[in-house]
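**Student:** Take a look at the following structure, please.
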Amino acid sequence: MPRTARTRALAALLIFLILTVAGESAPDAPLSKGPLASSRQAILVVAEGWDSPQAELTLFEREGPGDTWRPAAAAAPALLGRSGLGWGAGFDGEANPADPRKQEGDGRAPAGVFRIGTAFGYAAGDEAAFLKLPYIASREGWECVDDIHSAHYNRLARKFETARPDWNSSEQMVLPDHRYRWGALIEYNADPPRPGRGSCIFLHIWLDPSSPTSGCTALDESSLLQILRRLRPETNPVLIQLPRHEYERHRQAWGLP
Numbered sequence: 383m384p385r386t387a388r389t390r391a392l393a394a395l396l397i398f399l400i401l402t403v404a405g406e407s408a409p410d411a412p413l414s415k416g417p418l419a420s421s422r423q424a425i426l427v428v429a430e431g432w433d434s435p436q437a438e439l440t441l442f443e444r445e446g447p448g449d450t451w452r453p454a455a456a457a458a459p460a461l462l463g464r465s466g467l468g469w470g471a472g473f474d475g476e477a478n479p480a481d482p483r484k485q486e487g488d489g490r491a492p493a494g495v496f497r498i499g500t501a502f503g504y505a506a507g508d509e510a511a512f513l514k515l516p517y518i519a520s521r522e523g524w525e526c527v528d529d530i531h532s533a534h535y536n537r538l539a540r541k542f543e544t545a546r547p548d549w550n551s552s553e554q555m556v557l558p559d560h561r562y563r564w565g566a567l568i569e570y571n572a573d574p575p576r577p578g579r580g581s582c583i584f585l586h587i588w589l590d591p592s593s594p595t596s597g598c599t600a601l602d603e604s605s606l607l608q609i610l611r612r613l614r615p616e617t618n619p620v621l622i623q624l625p626r627h628e629y630e631r632h633r634q635a636w637g638l639p
């Protein structure tokens, strides 16, 4: 083969190999960069629109990054904030001009992807030993501070144990009903908290199937306990909350279930 022809053939082969390798590796790229890159458990909550307080909630699991997400529990109805969803702190770059953004007191649950932290409830520690997440036994006096002017904003505290309690508004962690009998703290707007972007976001039991929350995500006790039993801290579990059109828009790029 003449040198010119041989050179062209080698160049063509090199281009083919580059395109082949690029084509094979492209699907994995979003998984290594997206907000779920290190997670192996994810609770997916999808509402029909920004203003819908009703949603469907499903727990998904996978063996490792890049593997296929599979349902680990049956889908369950869930309730969001009374005003629906709004982009949470950290996700403003995803928002269109007309999209709502989560603000303190707006009655919206945060949209985005957020880590699931510590479980909590009314049971003593030994009665919650079946949980694998870290657990806090709620006691009288525990509050979650939602005063945007407080140095303790979006933190759990007890006034009588705080040297300088500086808040005038908070969420009591022991209620006269069953809503906080079991729950999990969602690590939303936490590091550091941005005053006014929302606070005290939990996954908890609903009051009843027709009562939305002030911004948390709630479901029936049986479904919640089924999920809490499975969550493990080493999987870096996350809560994904999106209206359906945003879920479809980000599904591939973020590697969503």
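Taking the working numbering, the leading residue of the sequence shown gets 383, the next gets one more, and so forth.
Even glycine gets a Cβ: it sits at the ideal position worked out from N, Cα and C.
(1) Using C-beta distances below 7 angstroms, list every residue in its chain close to F507, excluding the 5 sequence neighbours before and after it, in chain order.
(2) According to DSSP, is F496 helix, strand or coil?
(3) By how many angstroms is the C-alpha of T450 removed from the C-alpha of D433?
(4) What distance in whole Å lies between the Cβ atoms of R540 and V527, which are believed to be in contact at a cut-off of 8 angstroms?
(5) Looking at C-alpha atoms only, which residue of F584, S592, A635 is the closest neighbour of V620?
(6) To the nearest whole angstrom, what separates the beta carbons of I530 and G578, a pair I think is in contact under 8 angstroms?
(7) Since W469 is in the beta strand (DSSP E), which residue starts that stretch and which ends it?
(8) Rounded to the nearest angstrom, what separates W469 and E628 at their Cα positions?
(9) Helix, strand or coil for G503? Go by DSSP, reduced to three states.
(10) Among residues of its own chain, excluding the 5 on either side of W626, which ones have a beta-carbon nearer than 8 angstroms to its beta-carbon?
(11) Using 8 angstroms as the threshold, is the segment 479-489 in touch with the segment 451-458, meaning 3 or more CB pairs across them?
(12) Taking only three categories from DSSP, how would you classify F442?
(13) Quick one: what does DSSP say T450 is sitting in, helix, strand or coil?
(14) Short of 7 angstroms in beta carbon distance, which residues of its chain neighbour A437, apart from the five on each side in sequence? Order them along the chain.
(15) For A511, count neighbouring Cβ atoms within 10 angstroms of its own Cβ and tell me buried if that reaches 16, exposed if not.
(16) Could you check how far apart the C-beta atoms of A566 and G494 are, in whole angstroms? I think they sit under 8 angstroms.
(17) Please identify the residue among S596, D474, H586, L441 whose C-alpha is closest to the C-alpha of D602.
(18) At 4 residues or longer, what runs of the alpha helix (DSSP H) sit wholly inside the segment 568-637?
(19) Would you kindly work out how many angstroms separate the C-alpha atoms of G472 and F496, rounded to a whole number?
(20) Can you tell me which of D573, A505, N618, G580 puts its alpha carbon nearest to the alpha carbon of S596?
(21) Could you tell me which of T617, H632, E630 sits nearest to P447, measuring between CA atoms?
(22) If you follow the beta strand (DSSP E) that W432 is in, where does it begin and where does it stop?
(23) Y525 by DSSP, collapsed to three states: which one?
**Tutor:** Checking against the coordinates, here is how it stands:
(1) Residue mapping note: residue 507 aligns to position 125 of the sequence shown, counting from 1. For the record, residue 507 in the displayed sequence is Gly; it is not Phe. Taken in chain order, the residues that qualify are Y517, A519.
(2) For the purposes of this step, residue 496 is taken as the residue at position 114 of the sequence shown. The answer is strand: DSSP assigns F496 an E or B state.
(3) Here residue 433 refers to the residue found at position 51 of the sequence shown. Here residue 450 refers to the residue found at position 68 of the sequence shown. Answer to the nearest angstrom: the Cα atoms are 31 angstroms apart.
(4) Residue mapping note: residue 527 aligns to position 145 of the sequence shown, counting from 1. Residue mapping note: residue 540 aligns to position 158 of the sequence shown, counting from 1. So it is not a contact: roughly 11 angstroms between Cβ atoms.
(5) Here the question's residue 620 lines up with position 238 in the sequence shown. Out of F584, S592, A635, F584 has the C-alpha closest to the C-alpha of V620.
(6) Along the sequence shown, read from residue 1 onward, the residue named residue 530 stands at position 148. Along the sequence shown, read from residue 1 onward, the residue named residue 578 stands at position 196. That belief holds up - the Cβ atoms of I530 and G578 are roughly 5 angstroms apart, short of 8 angstroms.
(7) Taking the first residue of the sequence shown as 1, we reach residue 469 at position 87. Its beta strand (DSSP E) spans residues 466-469.
(8) Reading the sequence shown from its first residue, position 87 is the one you call residue 469. Reading the sequence shown from its first residue, position 246 is the one you call residue 628. E628 has its alpha-carbon roughly 10 angstroms from the corresponding atom of W469.
(9) Residue 503 sits at position 121 when you count from the first residue of the sequence shown. The answer is strand: DSSP assigns G503 an E or B state.
(10) Counting from one through the sequence shown, the residue named residue 626 turns up at place 244. With the sequence shown as reference, residue 626 is identified as Arg, and Trp is not the correct amino acid for it. For R626, where only same-chain residues beyond five positions count, the Cβ hits under 8 angstroms are V428, A429, E430, G431.
(11) No: the two stretches stay apart, fewer than three of their Cβ pairs being nearer than 8 angstroms.
(12) Here residue 442 corresponds to residue number 60 of the sequence shown, with the count starting at 1. Of the three classes helix, strand and coil, the one that applies to F442 here is strand, per DSSP.
(13) Walking along the sequence shown from the start, residue 450 turns up at place 68. Reduced to three states, the DSSP call for T450 is coil.
(14) If you number the sequence shown from 1, residue 437 lands on position 55. Contacts found: V427, V428, A429, A460, L462.
(15) The residue labelled residue 511 in the question sits at position 129 within the sequence shown. Exposed, by the Cβ-count rule.
(16) Here the question's residue 566 lines up with position 184 in the sequence shown. Here the question's residue 494 lines up with position 112 in the sequence shown. At roughly 16 angstroms, the Cβ-Cβ gap does not stay under 8 angstroms, so A566 and G494 are not in contact.
(17) Here the question's residue 602 lines up with position 220 in the sequence shown. Closest option to D602, Cα to Cα, is H586.
(18) DSSP runs (the alpha helix (DSSP H)) wholly in the segment 568-637: 603-612, 626-636.
(19) Residue mapping note: residue 472 aligns to position 90 of the sequence shown, counting from 1. Residue mapping note: residue 496 aligns to position 114 of the sequence shown, counting from 1. Distance between the alpha carbons of G472 and F496: 10 angstroms.
(20) Within the sequence shown, the letter at position 214 stands for residue 596. Residue G580 is the option with its Cα nearest to S596.
(21) Indexing the sequence shown from 1 puts residue 447 at position 65. P447 has its Cα closest to that of T617, out of T617, H632, E630.
(22) Residue mapping note: residue 432 aligns to position 50 of the sequence shown, counting from 1. Looking at the DSSP string, W432 is not in any beta strand (DSSP E), and its letter there is neither H nor E.
(23) As a first step, residue 525 is located in the sequence shown; it is residue number 143 there, counting from the start. In the sequence on display, residue 525 carries Glu and not Tyr. It is a strand residue.
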